[in-house]
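Novice: Chains W and X, in that order, are what the protein sequence lines are.
The numbering of the first sequence is the UniProt record's numbering, which starts it at 1 and goes up by one.
The numbering of the second sequence is the UniProt record's numbering, which starts it at 1 and goes up by one.
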Amino acid sequence: MINYQRFTLDNGLRVLVHEDHTTAMACVNILYDVGARDESPDKTGFAHLFEHLMFGGSVNIPNYDTPLQEVGGENNAFTSNDITNYYITLPSANLETAFWLESDRMLSLAFSEQSLEVQRNVVCEEFKQRYLNQPYGDVWLRLRPLAYKEHPYRWATIGKELRPIEEATMEDVKAFFFKHYVPSNAIMVVAGDVTFDQVKALAEKWFANIPMRPKPERRLPQEPKQLAPRREEVYADVPVNSIYIAFHGPGRIQSDYPVMDLLSDILSRGSSSRLYRALVKDQPLFSEVNAYVCGAIDPNLIVVEGKPLPHVDMAEAEKLLWNQLEILKSEMMKETELQKVKNKIESTMVFAELSILDRAMNLAFFEALGNADLYNQEVDRYLVITSSDIQRMAQEIFIPENSSTLIYYAKEQKHAE
Amino acid sequence: MLNRTVAPPHHDIQDITLIRPDEVVFGNGLKVFIFSAPTQELVKAEFIFRNIFDGSENSLIHTCTSHMLKEGTKTRTSTQIAEEIDFYGAYLMPEYSFDQTALTLYSLNKHLSAVLPVVHDILNNASFPEAELETYIRNNKQTLQISLQKNDYVARRLFFKNLFGGSRYGVIPTEEAYDNLKREDIVALYHKQVQPQNCTLILSGNITGEVLKQIQELFDIQWQNTAEVNRVVTPEFPVFVPTTVVEERPDALQSAIRLGMPAINRVHLDFPAVQFVSTLLGGYFGSRLMQNIREEKGFTYSIGSAFASLQHTGLFTIATEVGAESTQATLAEIEKEFNILRETQASDQEMTLVKNYMLGSILGTIESIFSHADKFKAVYFCGLDLSYYKRYNEIVRNITATDVQQIANTYFDYDNLLKIVVGKIN
């Protein structure tokens, strides 16, 4: 349970305040309601490139990082397919520095050509480091366009390829900023050793005179229902065969989302989970196996993946994974197993509340979902789930017509076949 | 009218205030340190064992013994242990480091009494079943194959091999080393190492009288020493030779670069000052390496430097992954930065910046009661106490540009670094 108070400035900026005076730190988290899903298909990777440019100086402050470090603060940011999130932690005595810096870059950027030039290179190196220069690094560059045909989730946050990043112009940057980085499209959470009145006064002082601009309307193409199984097989320079099966499932705020989430927990959370027990431990069939949900806001994917041992061929491996999914569809799970995954949800929520930064981020994210109160109701959404909910969900999701299968064959084996 | 070009006034950054633990020694020699805060209904119990070495230091037996602790006892199978821990929403994690092996339990207070007996069973009766060992070896060999395709992993491996050779800090996983693991060696090491006299228990969270009572019931009289604990054996390190090792990867898009050397550790009086200089050079976003090689040149997504403290030595590392075509240029820039560090005094502005960044950063590491325990562990296991942090803060506050230059000339010599490049050297 996280307590907070809220207010909204006239320009539409929403502000949430969570007081915790057991720490000497404060944290300022600003979420902009823009992510890779808001990009146009010919300019993918832009939301993330833009996140880098937010550190290239703002209209009145040439350097963002130095003044923050001078008062003992640290910051970072991340971009997802749904949102872009910026955060600062600093000694609470210096809270105002965070307001000064964040309000100026919400007002306007410096739009420095040099910064654009360098960050294009930095992002290209990030692309190589994470996606191209790693075995299986391009999984999501392949799996997304296989599973999504219309919705912008069909590209990864980093972008489809390097080219649009290399070609990004200052016009693109400015247009993106003035459309998406507006007060009404932002949620600010201030947490830690702060008071509501202090935050209110600082927000009025630094953010209230940022001009109001309309919150951009989001009209994303909906993903049509998948009607037939999809498949991609690649021969790659990887040492071990690998399989990924992605299924469409409910989005983050749909009522069935927690059911799908528990389904993935039953399959692969912890060393007592089903896939790990059946395929790694009880019988030597896979070296690793995993199932997880992409916590996306729009309709999601649940992914089942594994790396079979050398003596298990790919057809057999695929069958073994499906067998486990079939069991969930045909057999009602025991009450104790359901209780187990619920207990884990409950304890994980308690652990997630240890740091003020995690609390601030969660409040901002749930406010972006609709209302920060949803965070405090989250555990209850899981506790009411029954075994028959799980079975129904498995029956809906785990069908071949809803699946996209990606297989990597290790190159050496190509010759043997 | 608001003047946005002027920064708000700075306020001094306070020193961290650390909680001193309560200390209890049980009859069996187990040392218990207690960090109590009633804010959250959570308990963390870390059973930390000093790694015992008395034969060859260079095998995977220590990591394997640690990872396999949960894989069965005389009366519980691996599955039963996993089920019991997971059912109560707890986490039980073996953690291996160069000098210690830990078994760490996280649990909600309300489930603690249900999961502690499992931990007790593991510490007294772990059985290391042969079939589980086979699974461990098989899966780790496959994971190793994958890791060996990652340039940064290969660079790290070459780095430790060249730095610490045949000693415990230079252990390199190979397929052969996995195949050489024998159950009887693991069982023997377990009996030597997992003894109350060789254990420190750190309890943090909501440690009530009831929690302490449960702990004492299980881990005092019901946990007896069954072996003598060996004395500390100091490892012998190879003579350090600052060579350059290049592993060519013709298809590489990026090169992994890792530079470093053996160095002083936390017990040395210069350690805080050396950390200061390392932070200035490559320890934060505004550091010289990050500004030069990422923010000016765009060669990399990230570059960093750090000093690490081990029980019998320390080490200095610089690590990055850069565009393959920029490998030589990056090395040249790093060399340039070392020379500037040794030849030129840092400006007052940069000194203030690094000082405040470090003071804020250490203040920010205290997030919860668990952080207090972490701070304690970092000093306790190298024979220091919490006064270290007071001295650390004093040194960070008072260090001068002249001191920095002097430290740079004593400890930062580009020619004296081991240099590993995996990728392309153009």
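Backbone N, C-alpha and C fix where the C-beta goes; we use that ideal spot for every residue, glycine too.
Helix, strand or coil for residue 254 of chain X per DSSP?
Specialist: Locating residue 254 of chain X in the second sequence gives position 254, where the first residue counts as 1. Note: residue 254 of chain X maps to strand in three-state DSSP.
Novice: Based on DSSP bridge pairs, tell me the residues matched to residue 18 of chain W.
Specialist: By 1-based counting over the first sequence, the position of residue 18 of chain W is 18. Per DSSP, W:191.
Novice: Could you check if residue 263 of chain X belongs to the surroundings of the ligand NAD, using beta carbon to heavy atom distance under 7 Å?
Specialist: The ligand content of the structure shown is nil, which means the ligand NAD is not present either.
Novice: Taking residue 86 of chain X as the reference, which of W:272, W:170, W:381 has the closest Cα?
Specialist: By 1-based counting over the second sequence, the position of residue 86 of chain X is 86. Comparing Cα positions, the closest option is W:272.
Novice: Is the Cβ of residue 415 of chain W closer than 8 Å to any Cβ of chain X?
Specialist: Residue 415 of chain W sits at position 415 when you count from the first residue of the first sequence. Low confidence applies to residue 415 of chain W: its pLDDT is 40, below 50, so where it sits in the model is not reliable, and the reading given next is rough at best. No, because no Cβ of chain X sits closer than 8 Å to the Cβ of residue 415 of chain W.
Novice: Report yes or no: do three or more beta-carbon pairs, one from the segment 318-328 of chain X and one from the segment 359-376 of chain X, lie closer than 8 Å?
Specialist: Contact fails: fewer than three Cβ-Cβ distances are below 8 Å.
Novice: Apart from the five residues just before and just after residue 1 of chain W, which ones in its own chain have a Cβ nearer than 7 Å to its Cβ?
Specialist: One-based indexing of the first sequence puts residue 1 of chain W at position 1. Answer for residue 1 of chain W: 376, listed in chain order.
Novice: So residue 86 of chain X contacts chain W; which residues on that side make the cut at Cβ distance below 7 Å?
Specialist: Your numbering for residue 86 of chain X matches position 86 in the second sequence. Those are 270, 272, 340, 344, listed as they occur along chain W.
Novice: My output table needs one value for residue 83 of chain W: the three-state DSSP class, helix, strand or coil.
Specialist: Here the question's residue 83 of chain W lines up with position 83 in the first sequence. Three-state result, residue 83 of chain W: coil.
Novice: Can you check DSSP and say which residues form a bridge with residue 246 of chain X?
Specialist: Your numbering for residue 246 of chain X matches position 246 in the second sequence. Beta-bridge pairing links residue 246 of chain X to X:421.
Novice: Using a Cβ-Cβ cut-off of less than 8 Å, list which residues of the segment 134-167 of chain X approach chain W; keep chain order.
Specialist: Result list: 134, 135, 138, 139, 142, 143, 145, 146, 148, 149, 150, 151.
Novice: Considering residue 182 of chain W, what are the terminal residues of the beta strand (DSSP E) in which it resides?
Specialist: Reading the first sequence from its first residue, position 182 is the one you call residue 182 of chain W. It is not in any beta strand (DSSP E) - residue 182 of chain W carries neither H nor E in the DSSP assignment.
Novice: Considering only C-alpha positions, which residue in the set W:399, W:146, W:388 is nearest to residue 406 of chain W?
Specialist: For the purposes of this step, residue 406 of chain W is taken as the residue at position 406 of the first sequence. Nearest option by C-alpha distance: W:146.
Novice: When you compare only the Cα positions, how much space is there between residue 408 of chain X and residue 423 of chain X?
Specialist: Here residue 408 of chain X refers to the residue found at position 408 when the second sequence is read from its first residue. Here residue 423 of chain X refers to the residue found at position 423 when the second sequence is read from its first residue. Those two C-alpha atoms are separated by around 30 Å.
Novice: Step through the CB atoms of chain W and report whether any lies within less than 8 Å of the CB of residue 357 of chain X.
Specialist: Position 357 of the second sequence, counted from the first residue, corresponds to residue 357 of chain X. At least one chain W Cβ lies under 8 Å of residue 357 of chain X.
Novice: If we define contact as Cβ-Cβ less than 8 Å, is residue 383 of chain X a contact residue for chain W?
Specialist: Your numbering for residue 383 of chain X matches position 383 in the second sequence. With 8 Å as the cut-off, residue 383 of chain X does not count as an interface residue toward chain W.
Novice: Using DSSP with H/G/I as helix, E/B as strand and the rest coil, what is residue 414 of chain W?
Specialist: Counting from 1 along the first sequence, the entry for residue 414 of chain W is found at position 414. Any reading at residue 414 of chain W must be qualified, since the residue scores a pLDDT of 40, below 50, and its modelled position is unreliable; the value itself is stated next. In this structure, residue 414 of chain W counts as helix in the three-state DSSP scheme.
Novice: Using a cut-off of 7 Å between C-beta atoms, extract the partners of residue 57 of chain W located in chain X.
Specialist: As a working note, residue 57 of chain W is residue 57 in the first sequence. The contacting residues do not exist; residue 57 of chain W stays about 11 Å from chain X at best.
Novice: I need the straight-line Cα distance from residue 344 of chain X to residue 337 of chain X, nearest angstrom please.
Specialist: For the purposes of this step, residue 344 of chain X is taken as the residue at position 344 of the second sequence. For the purposes of this step, residue 337 of chain X is taken as the residue at position 337 of the second sequence. Looking at the two C-alpha atoms, the distance is approximately 10 Å.
Novice: So residue 73 of chain W contacts chain X; which residues on that side make the cut at Cβ distance below 7 Å?
Specialist: Residue 73 of chain W sits at position 73 when you count from the first residue of the first sequence. Within 7 Å Cβ-Cβ: 360.
Novice: Out of X:363, X:311, X:289, X:313, point me to the one whose CA is closest to residue 331 of chain X's CA.
Specialist: Taking the first residue of the second sequence as position 1, residue 331 of chain X is located at position 331. Considering only alpha carbons, the answer is X:289.
Novice: Thinking C-beta only, is residue 370 of chain W closer than 8 Å to residue 300 of chain W?
Specialist: As a position in the first sequence, residue 300 of chain W is number 300, starting the count at 1. As a position in the first sequence, residue 370 of chain W is number 370, starting the count at 1. No, they are not a contact pair.
Novice: Does the segment 294-305 of chain X come close enough to the segment 118-131 of chain W to have 3 or more Cβ pairs within less than 8 Å?
Specialist: Yes: at least three Cβ pairs fall under 8 Å.
Novice: Please confirm if the segment 271-280 of chain X is in contact with the segment 386-402 of chain X, defined as three or more CB-CB distances below 8 Å between the two stretches.
Specialist: Yes: the two stretches touch, three or more of their Cβ pairs being nearer than 8 Å.
Novice: Can you pull the chain X neighbours of residue 22 of chain W, defined as C-beta to C-beta under 7 Å?
Specialist: For the purposes of this step, residue 22 of chain W is identified with residue 22 of the first sequence, where counting begins at 1. Per Cβ cutoff of 7 Å: 39.
Novice: In this structure, how does DSSP classify residue 10 of chain X when only helix, strand and coil are distinguished?
Specialist: In the second sequence, residue 10 of chain X corresponds to position 10, counting from 1. Correct three-state label for residue 10 of chain X: coil.
Novice: At a Cβ cut of 9 Å, what residues of the segment 238-253 of chain X count as close to chain B, listed as they run along the chain?
Specialist: Protein chains in the displayed structure are W and X, and chain B is not among them.
Novice: Can you list, in chain order, the residues of the segment 286-298 of chain X whose Cβ is nearer than 8 Å to any Cβ on chain W?
Specialist: Correct list: 286, 294, 295, 296, 297, 298.
Novice: Check residue 93 of chain X in the structure and name its three-state DSSP category.
Specialist: Here residue 93 of chain X refers to the residue found at position 93 of the second sequence. Here residue 93 of chain X sits in strand by DSSP.
Novice: Would you say residue 383 of chain X and residue 318 of chain X are within 8 Å of each other, going by their C-beta atoms?
Specialist: On the second sequence, position 383 is the one that residue 383 of chain X refers to. On the second sequence, position 318 is the one that residue 318 of chain X refers to. Going by C-beta atoms, residue 383 of chain X is not nearer than 8 Å to residue 318 of chain X.
Novice: Residue 118 of chain X and residue 84 of chain X look like a contact to me (Cβ under 8 Å); what is the Cβ gap, rounded to whole Å?
Specialist: As a first step, residue 118 of chain X must be located in the second sequence, where it is residue number 118. As a first step, residue 84 of chain X must be located in the second sequence, where it is residue number 84. Confirmed, Cβ separation roughly 5 Å.
Novice: Please decide whether residue 226 of chain W counts as near chain X, where near means a Cβ-Cβ distance under 8 Å.
Specialist: Numbered from its first residue, the first sequence carries residue 226 of chain W at position 226. It does not; no Cβ of chain X falls within 8 Å.
Novice: On the DSSP bridge list, what partners appear for residue 32 of chain X?
Specialist: Stepping through the second sequence from its first residue, residue 32 of chain X is reached at position 32. For residue 32 of chain X, which the question treats as bridged, DSSP gives the partners X:24, X:201.
Novice: Buried or exposed: residue 367 of chain W, going by 16 or more other Cβ atoms within 10 Å of its Cβ?
Specialist: Position 367 of the first sequence holds residue 367 of chain W. Buried is the call here.
Novice: Tell me whether the segment 227-239 of chain W and the segment 351-363 of chain W touch, counting them as touching only if at least three CB pairs, one residue from each stretch, are closer than 8 Å.
Specialist: The segment 227-239 of chain W, when compared against the segment 351-363 of chain W, does not touch it at the 8 Å Cβ threshold.
Novice: Using a Cβ-Cβ cut-off of 8 Å (strictly less than) and excluding sequence neighbours within five positions of residue 344 of chain W, which residues of its own chain qualify?
Specialist: For the purposes of this step, residue 344 of chain W is identified with residue 344 of the first sequence, where counting begins at 1. Closer than 8 Å at the Cβ level, and outside the excluded window around residue 344 of chain W, lie 265, 269, 270.
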